[in-house]
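Accompanying notes for the structure given below.
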Amino acid sequence: MKSLLGSIVFVIALCGCKPPATLIAPETTLKALPRGQSIPLVLATNLNAGEAKEGQEVALLVAEDVKVDGQIVIPKGTPAKGEVSWSRSEGTLSGMMGQPARLEVKIKELELSQESLQLATDENEPSKPYSFTRSNTGNSVTPHLGVDHLLKEEATRQVLEKLDKAFNGESVDLNSDEGKKALIEIARQSGLSDTQKLLDSGKGDIGQLQDVISRLQRGDVSGLAKGDLSLSLNSVLELANLVGGLGDRLSRTLKGRTIHASAGTPVTAFAAESKSLPAVPPAKP
0 MKSLLGSIVF VIALCGCKPP ATLIAPETTL KALPRGQSIP LVLATNLNAG EAKEGQEVAL
60 LVAEDVKVDG QIVIPKGTPA KGEVSWSRSE GTLSGMMGQP ARLEVKIKEL ELSQESLQLA
120 TDENEPSKPY SFTRSNTGNS VTPHLGVDHL LKEEATRQVL EKLDKAFNGE SVDLNSDEGK
180 KALIEIARQS GLSDTQKLLD SGKGDIGQLQ DVISRLQRGD VSGLAKGDLS LSLNSVLELA
240 NLVGGLGDRL SRTLKGRTIH ASAGTPVTAF AAESKSLPAV PPAKP
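The numbering of the sequence shown is numbering that gives the first Met the number 0, which starts it at 0 and goes up by one.
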């Protein structure tokens with residue numbers, strides 16, 4: 000028996016055979032995000048001074064990929080949390096008494112796939128809220144030229160108006176054949192590449208998109224950074240910019256001298272802490 004075993008070992012060695020290698024998962028590359036790193040955000044909802052309630056949760060989205068050493072650590076579309084800390088409209092009496100409209104939001108944290116990142120709007124005063132004013136709000140986004148045509152077409156205008164209502168927290172239904180067709184046309188003519196990918200990929204549908212928008216209006220960003228929702232979040236980012244850029248060209252009406260911060264309004268935040276974050280592979284084209 001010993002002789003037989005010895006012969007087998009000899010044959011294995013002669014053939015150069017090796018036992019199967021143990022599979023080792025590739026190491027995750029960690030990048031140190033420094034405290035004070037600038038993080039561009041945009042509002043994911045419409046806010047009106049006096050109408051927004053103090054303590055109301057506010058959702059924002061990262062406007063562009065944040066990189067460290069050339070590698071993405073915070074992908075575009077990552078959701079962030081905020082909270083209304085001051086909301087006051089301006090009426091005739093309050094204006095005469097030197098109490099103009101005021102709208103402030105405390106930017107709290109970024110919702111990453113595995114953890115959160117504390118945010119601030121002032122590097123030196125982390126608890127200082129972000130103040131929306133008439134000068135830093137309004138139609139800062141210039142829509143694609145094709146939007147003028149879309150506003151004249153009944154089907155596409157209706158979808159744009161429904162999206163505007165959705166970003167105001169109203170319940171709307173886009174999940175019909177006509178609604179999907181109109182949204183595809185809006186995405187095509189306005190250059191909304193992520194919205195086109197979402198509707199063409201089969202990874203999401205308008206029902207999912209509506210659900211994400213609805214959750215963001217409630218300030219509920221829990222779990223949105225996990226799973227396969229990146230296309231939906233990027234699509235919401237595109238639509239927020241588009242609808243916000245259209246402003247009062249849609250059916251929205253504003254009363255009195257107030258501050259209106261529309262979806263898509265840019266907000267600059269900073270990392271309130273240093274943190275090691277995993278590098279994120281770039282999205283496949």
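Glycine included, every Cβ here is placed at the ideal spot set by N, Cα and C.
Residue 79 places its beta carbon 8 Å or farther from that of residue 124. Cβ neighbours of residue 263 within its own chain (closer than 6 Å, five residues either side excluded): 41, 140, 239, 240, 243. A straight line joining the alpha-carbon of residue 176 with that of residue 151 spans about 20 Å.
Beta-bridge annotation (DSSP): residue 267 is paired with 39. Sorting 105, 76, 157, 106 by C-alpha distance to the C-alpha of residue 112 places 76 at the top. For residue 237, the enclosing alpha helix (DSSP H) begins and ends at 229-245. Pairwise C-beta distances place the segment 36-53 out of contact with the segment 185-195, as fewer than three of them are shorter than 8 Å. For residue 130 and residue 104, the gap between their C-alpha atoms comes out near 7 Å. Judged by DSSP secondary structure, residue 101 falls within the beta strand (DSSP E) whose first and last residues are 101-110.
Around the Cβ of residue 81, a 10 Å sphere holds 16 or more other Cβ atoms; the residue is buried.
Residue 63 and residue 99 have their alpha carbons spaced roughly 33 Å apart. Under the three-state reduction of DSSP, residue 67 is assigned to strand. Take residue 85, set aside five residues on each side of it, and the residues of its chain with a beta-carbon closer than 6 Å to its own are 101, 103, in chain order.
The shortest CA-to-CA distance from residue 179 to any of 204, 166, 167 is the one to 204.
Here residue 70 is near residue 278, since their CB atoms are less than 8 Å apart. Secondary structure note for residue 209: its alpha helix (DSSP H) is the uninterrupted segment 205-216. Taking the Cβ atoms as the reference, residue 185 lies roughly 6 Å from residue 155, within the contact range of under 8 Å. Note on geometry: alpha-carbon atoms of residue 189 and residue 65 lie some 25 Å from one another.
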